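Heads up, the thing below is written out as structure tokens.
Numbering (my numbering), first residue to last: 1 to 184.
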């Protein structure tokens with residue numbers, strides 16, 4: 001059985017490699033929309049399914065994995081920043097606060113769809129404006145939900161994590177491994 005990762009994320013590719021399974025990366029452009037009036041865990045799972053379905057449509061004989069990650073602070077979703085100003089605003093709001101990171105994973109194999117969501121709490125130290133500006137200059141925040149990478153320079157701002165570190169990076173490795181064992 002061939003495994004396909006429906007994602008352009010280099011972090012997800014790197015994390016899936018930790019499972020020591022052969023896979024290919026095949027992604028399609030999908031409009032990423034969430035209905036914020038609905039339950040966010042359900043919404044993000046729908047988006048992960050949508051990403052997996054876009055690939056499964058052309059590869060029905062493969063096991064397709066789709067995923068999506070969002071950062072939630074006080075019921076507000078923080079996506080990828082559009083520019084440096086938005087990155088600054090996001091990081092300022094995360095400073096000294098605890099937020100949730102939701103990562104949803106969808107598996108599609110021979111028409112069967114399965115999904116789950118991993119929730120992790122992440123607490124930030126209080127950041128000075130200069131720390132935020134210096135971090136933004138690294139460019140690391142610009143392609144990440146919530147404008148930070150827990151695995152990179154942003155790690156120095158994290159005071160506590162409760163949940164799955166790898167889910168914050170973009171893929172809950174252990175939970176996904178347990179699901180994938182069912183397909184062997």
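We treat Cβ as the ideally placed atom computed from N, Cα and C, and that holds for glycine. None of the values given here were measured: they were computed from a predicted structure.
For this session: Can you tell me the Cβ-Cβ gap for residue 169 and residue 87, rounded? I've got them flagged as a contact below 8 angstroms.
Result: Not really, about 18 angstroms apart at Cβ, beyond 8 angstroms.
Exercise. Going along the chain, which unbroken runs of the beta strand (DSSP E) with 3 or more residues stay wholly within the segment 46-120?
Worked result: Taken in chain order, the complete beta strand (DSSP E) segments of 3 or more residues contained in the segment 46-120 are 63-73, 76-78 and 98-109.
For this session: Pull up the DSSP beta-bridge partners for residue 23, would you.
Result: Beta-bridge pairing by DSSP links residue 23 to no other residue.
Problem set entry | Which listed residue (83, 81, 163 and 138) has its alpha carbon closest to that of residue 121 | Among 83, 81, 163 and 138, the Cα nearest to that of residue 121 belongs to 163.
For this session: Pick helix, strand or coil for residue 40, following the three-state DSSP scheme.
Result: Taken through DSSP and simplified to helix, strand or coil, residue 40 comes out as helix.
Problem set entry | Short Cβ contact (8 angstroms threshold) for residue 8 with residue 27 | Going by C-beta atoms, residue 8 is nearer than 8 angstroms to residue 27.
For this session: Work out the CA separation of residue 137 and residue 173 for me, nearest whole Å.
Result: Going by C-alpha positions, residue 173 is about 30 angstroms away from residue 137.
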